[in-house]
Amino acid sequence: MTIALYCRLMETAEDLCGQDGVCAAAEGLKRWALVALQTLHLQAEHTLLPMNMDFVRLNFPLALDPDVDGAIWGKHKTGQAMEIMKKLVLYPIAKACKA
Numbered sequence: 001m002t003i004a005l006y007c008r009l010m011e012t013a014e015d016l017c018g019q020d021g022v023c024a025a026a027e028g029l030k031r032w033a034l035v036a037l038q039t040l041h042l043q044a045e046h047t048l049l050p051m052n053m054d055f056v057r058l059n060f061p062l063a064l065d066p067d068v069d070g071a072i073w074g075k076h077k078t079g080q081a082m083e084i085m086k087k088l089v090l091y092p093i094a095k096a097c098k099a
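The sequence shown lines up with residues 1 to 99 when you count with my numbering.
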């Protein structure tokens, strides 16, 4: 449900506002990524667990590597919505796990 809703939002933003709509949605993703990272760090701290890939798999609603765990993307696996999500949300969270 989350992926389908997100992809529909991106499609609608582009249909109604063109590239400006896509950029606006991308800005929202950037902000969500920051909040998600802060939340994951806080959860890890409160549970005395390291914020690593295993922790994120258990506590974040999306797979960090949709190329490997892409089943939830289904028909939405192609197109810019997935690429934008990877670049702005999934890769930064994965990078924070390795830091």
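All residues carry an ideal CB built from backbone N, CA and C; glycine is no exception.
Presumed contact (8 Å Cβ cut-off) between Pro66 and Met51, rounded CB distance:
Actually they are not in contact, since the Cβ atoms of Pro66 and Met51 sit about 20 Å apart, beyond 8 Å.
May I have the straight-line CA-CA distance separating Gln38 from Glu27, to the nearest angstrom?
17 Å
Other residues of its chain near Ala94: CB distance less than 6 Å, five sequence neighbours each side excluded
Leu64
What are the boundary residues of the alpha helix (DSSP H) that Val56 is part of?
53-59
Roughly how many angstroms lie between the CA atoms of Gly21 and Thr12, to the nearest whole one?
In a straight line, the C-alpha of Gly21 is about 8 Å away from that of Thr12.
Run of the alpha helix (DSSP H) containing Pro92, from where it starts to where it stops
Pro92 -> alpha helix (DSSP H) spans 91-98.
Expected contact under 8 Å - CB spacing of Leu90 and Leu62 to nearest Å
7 Å
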